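**Student:** In my numbering, the protein residues as written are 287 to 404.
#1: Look up residue 326 in the DSSP assignment and give the residues it is bridged to.
#2: Based on the DSSP secondary-structure assignment, which residues constitute the bridge partners of residue 343?
#3: Could you compute how far the alpha carbon of residue 381 sits from the alpha carbon of residue 346?
#4: Assuming residue 370 contacts residue 338 under a Cβ cut-off of 8 Å, what Cβ separation, rounded to an integer in Å, is found between them?
#5: Just confirm the distance between the C-beta atoms of residue 348 and residue 340, as a whole number of angstroms; I'd bet it's less than 8 Å.
#6: Identify which residue in 333, 311, 327 and 391 has its Cα closest to the Cα of residue 376.
#7: Measure the CB-CB distance between residue 324 and residue 386 and report whether it falls below 8 Å.
#8: Using 10 angstroms around the beta-carbon of residue 373, count the other beta-carbons present and answer buried if the total reaches 16, otherwise exposed.
#9: Would you kindly check if the distance between the Cβ of residue 388 and the Cβ of residue 314 is under 8 Å?
Structure, rendered in structure tokens:
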């Protein structure tokens, strides 16, 4: 009578499958550590030749905005708004780039080819 479930030739997983599971668990721990590290990092970007600086956290939260006095013109609020948006968006792009770079260490460049990981 055949055994129910499992793999033929004995109980438990064959050696290759067990090694694969260990590697997957190790990779998961490393990815969790990388995610925690990203939470502590900050990314800054400037716009308008440094007139506006935006700093965001690794979790994509706006942390700080710095403005040079010269850029604060009550008659041109729209330019200031545009510079703030540009600086924040660039800082957020830096977070995405750092995150993608960190993840490529684990995926070996497979990116979206690993369903359920991203």
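Every residue, glycine too, gets a C-beta built ideally from N, C-alpha and C.
Since the structure is predicted, the reported quantities are computational estimates derived from the model, not experimental observations.
**Tutor:** Let's see:
#1: Your numbering for residue 326 matches position 40 in the chain shown. Answer is none; residue 326 lacks a bridge partner.
#2: Translated into the one-based positions of the chain shown, residue 343 becomes position 57. Note: residue 343 sits in a beta bridge opposite 328.
#3: Taking the chain shown and counting its residues from 1, the one referred to as residue 381 is at position 95. Taking the chain shown and counting its residues from 1, the one referred to as residue 346 is at position 60. Rounded to whole angstroms, residue 381 to residue 346 spans 7 Å at the Cα level.
#4: On the chain shown, residue 370 is found 84 positions in, with the first residue counted as 1. On the chain shown, residue 338 is found 52 positions in, with the first residue counted as 1. Yes, residue 370 and residue 338 are in contact; Cβ-Cβ is about 6 Å, under 8 Å.
#5: Counted from its first residue, the chain shown places residue 348 at position 62. Counted from its first residue, the chain shown places residue 340 at position 54. Yes, they are in contact, since the Cβ atoms of residue 348 and residue 340 sit about 7 Å apart, within 8 Å.
#6: As a position in the chain shown, residue 376 is number 90, starting the count at 1. Nearest of 333, 311, 327 and 391 to residue 376, Cα basis: 333.
#7: One-based indexing of the chain shown puts residue 324 at position 38. One-based indexing of the chain shown puts residue 386 at position 100. No, Cβ-Cβ distance for residue 324 and residue 386 is not below 8 Å.
#8: Within the chain shown, residue 373 is the residue found at index 87, counting from 1. By the 10 Å Cβ count, residue 373 comes out buried.
#9: On the chain shown, position 28 is the one that residue 314 refers to. On the chain shown, position 102 is the one that residue 388 refers to. Their beta carbons are not under 8 Å apart, which means residue 314 does not touch residue 388 by this criterion.
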